[in-house]
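Under this note's numbering, the first residue of the sequence shown carries the number 859, and numbering increases by one thereafter.
In this text, a Cβ means the ideal position worked out from N, Cα and C, and glycines have one as well.
To start, the structure itself, in C-alpha cells.
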Amino acid sequence: MSANDKKDQDEIKNPARRALLKKGVAGGAAFAGGALMAKASQASPDPLITEIQDWNRYLGDGVDARPYGTPSEFEKDVVRRDVPWLTADAKSSVNFTPLHELDGIITPNGLCFERHHGGIAEIDPAEHRLMINGLVENELVFTMEDILRFPRENRVYFLECAANSGMEWRGAQLNGCQFTHGMVHNVMYTGVPLKYILEEAGLKPSGKWILPEGADASHMTRSIPIEKALDDCLIAFKMNGEALRPEQGYPIRIVVPGWEGNMWVKWLRRIEVGDKPWHQREETSKYTDLMEDGRARRFTWEMDVKSVITNPSPQAPITHGRGHTILTGLAWSGYGKIKRVDVSIDGGRNWTTARIDGPSFSKSVHRFYYEFEWDGSELFLQSRAIDEMGHVQPSKNDLRSARGENSIYHNNSIQTWHIKEDGSAENVEIS
Ligand code: MTE
Ligand code: CO
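Written as C-alpha cells, this is what we have:
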C-alpha cells in the first residue's frame, strides 16, 4: 500500500473529517482535526459499522407508502408547542415554531407557529369569495379561479407576531427560544400583488386605507394605509410552493411584509377601501403599547430589528463537552435586509461579527453562525443584529428606558442564554 493509498483509506473511514479538512473550517487554527469526532481506528470494533443492521438486511417501504411525505420517526419531537397556562382556550391561542430544531432560513409549513383568535376556518376554495368594496369604481367579487388569473410573484418574508417575546419584557421568563422567540416564521409566498386587485376595482382618489377582513369566526380586521397596500402586499395562495395550510389561512391570506403579524389577515374574504383608519379592536385595545405616561403608541406596524441565538439554547444544550462548538441563530428586520450580526459569549463585554450564510432577502430572516472553541467555562450568549437602515437591536434596559414597563408588544431586545459548565442552558437577563 503506497502512502497515498493509506491516506485514501483513512479518509474513507472518516469522510466527515476529510470534508472539514478540505474546506478549511472557519476558525481553523484553533480546530485540532480529530478532536471533533471519534478516531476511526478504535481498538474495539463498533458494531454499528461491523454488524449488518435491519435497514441493510430487509427491503424497505416502496414508493407511495407515504403519498404525502412526513419527517422521519426520529424527528418526532420537532413540533410546534404551546404554553398551556398562557391562554384560557386553544381556539384563541398560540403555539410556537421550534426554532432550535431548524436551520437555513425557510420554516417548513408544518412547523409555522399558529395564532388564531377564533380557531381554524376550514374553507373549500370552490366556495371562497374575495370581495372588494368601499371607495372603488367597481365593487367586485373574486373567486379563487379569478385570483389565479392575475400575474403572481414569489417572495420570502418573515411573519412575526407583535407579541413575540412579550413575556420577556420585565425579566427572563420562558426557558427556550421556541417559547421566547417562536412566534416568527419565514416562508416563500406565491401570490398576486394586492395592487393588481385594487387596480381592477379602480381605486377612488379618496381611497386612502384598506380594511382586510378574515372569514374565520374572529372576523379579524386591520386598517392598512394605501401606500403599503400598493407597495409590497400580496394576496398569497401558496407557501413554500404548496397551498397555504388551513392554519395559515387557506385558501388565501394577505401578506404585509415587515409589518406585525396581526395585520396578515388569514382566510381573507373582504377588503374594504376607506378614507380613514377604522380603529378596530385589534388596533386599539390590542396591538398598541401603553407607555409610562399612560398614553398608547398608535399604529406600530413595522417589526424592529431583532435576532436570537437558536443553538445552543435551553432546549438545545451543548452535549459534546468542550471543544469546537457551532453557535447559530436568526436575525430579521421589518425595515429591510440584515447587514450584520454580532455575537458575544461573555454577556456583551466583547462582540465578534457572526457569519451570515444563505440568501439575504429584504424583510426575511437571515441565518448566522459563529464557530468557536468552548473551553468548558460558563458562557453568557447574546446576539445583536443591525439592519441595512442602521437600526441596532437594543439591550433590554435600552428598550425599557425608551418604552417603559407596561408593554408586551414589539420587544426586540437582546436575549441572553446562560450556558453552564455542564453545557445546559438557561434563559437569564443581562441588560
Ligand atoms: N387572521 C385571521 N383571520 N384570524 C386570526 O386570528 N391572527 C393574526 C394574523 N391573522 C389571525 C389572522 C395574528 S395575531 C398573527 S400573529 C398571524 O395571523 C399569525 O399567522 P400564522 O398563524 O400563520 O402564524
Ligand atoms: Co399575532
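Asked, Found
"Leaving out the 5 sequence neighbours to the left and right, which residues in its chain are closer than 7 angstroms to Ala1283 when beta-carbon positions are compared?", "Pro1170, Ser1171, Pro1172, Pro1175, Trp1275, His1276, Ile1277"
"Any heavy atom of the ligand CO inside 7 angstroms of the beta-carbon of Cys1019?", "yes"
"Helix, strand or coil for Ser1171? Go by DSSP, reduced to three states.", "strand"
"What is the C-beta distance between His1137 and Trp1190, in whole angstroms, given that I count them as a contact (C-beta under 8 angstroms)?", "No, His1137 and Trp1190 are not in contact; Cβ-Cβ is about 28 angstroms, not under 8 angstroms."
"Any contact of the stretch 1075 to 1086 with the stretch 1257 to 1265, i.e. 3+ C-beta pairs under 8 angstroms?", "no"
"Residue range of the beta strand (DSSP E) that Ile1214 falls in?", "1213 to 1215"
"Hey, which unbroken runs of the beta strand (DSSP E) at 3 residues or more fall wholly within the stretch 1178 to 1250?", "1181 to 1190, 1196 to 1202, 1213 to 1215, 1224 to 1232, 1237 to 1245"
"To the nearest angstrom, how far is it from the Cα of Phe1000 to the Cα of Met989?", "6 angstroms"
"Given 7 angstroms as the limit, tell me if Asn1120 has its C-beta closer than that to any heavy atom belonging to the ligand MTE.", "yes"
"Could you check whether the stretch 953 to 962 touches the stretch 1096 to 1103, counting it as contact only if at least three pairs of C-beta atoms, one from each stretch, sit closer than 8 angstroms?", "no"
"Does the Cβ-Cβ distance between Lys1086 and Val1114 come in under 8 angstroms?", "yes"
"Quick one: is the Cβ of Arg973 within less than 7 angstroms of any heavy atom of the ligand CO?", "yes"
"Quick check for students: name the residue ranges of the alpha helix (DSSP H) that lie wholly in the stretch 982 to 1049, counting only runs of 4 or more.", "1002 to 1005, 1035 to 1039"
"Tell me which residues share the same chain as Thr1038 and place their Cβ nearer than 8 angstroms to its Cβ, disregarding the 5 neighbours each side in the sequence.", "Ser1023, Met1025, Glu1026, Gln1031, Leu1032, Val1166, Gln1273, Asn1285"
"Locate the alpha helix (DSSP H) running through Trp913, then write down its first and last residues.", "912 to 915"
"Sort Trp1117, Thr908, Arg1028 by Cα distance to Glu1287 and report the nearest one.", "Arg1028"
"Skipping 5 residues on each side, what residues in its chain have a beta carbon closer than 6 angstroms to that of Gly1205?", "Phe1238, Ile1288"
"Beta carbon of His1178: closer than 7 angstroms to some heavy atom of the ligand MTE?", "no"
"With distance defined between alpha-carbon atoms, name the residue in Arg973, His1182, Glu1011, Gly1281 nearest to Leu944.", "Arg973"
"Determine the contact status of Lys1164 and Glu1246, defining contact as a CB-CB distance below 8 angstroms.", "no"
"Output the boundary residues of the alpha helix (DSSP H) element that contains Arg1111.", "It is not in any alpha helix (DSSP H) - Arg1111 instead sits in the beta strand (DSSP E) that spans 1111 to 1113."
"Runs of 4 residues minimum, wholly inside the stretch 1076 to 1148: which ones carry the alpha helix (DSSP H) assignment?", "1084 to 1089"
"Suppose contacts are defined by Cβ-Cβ distances below 8 angstroms. Is Ile1005 in contact with Pro1070 by that definition?", "no"
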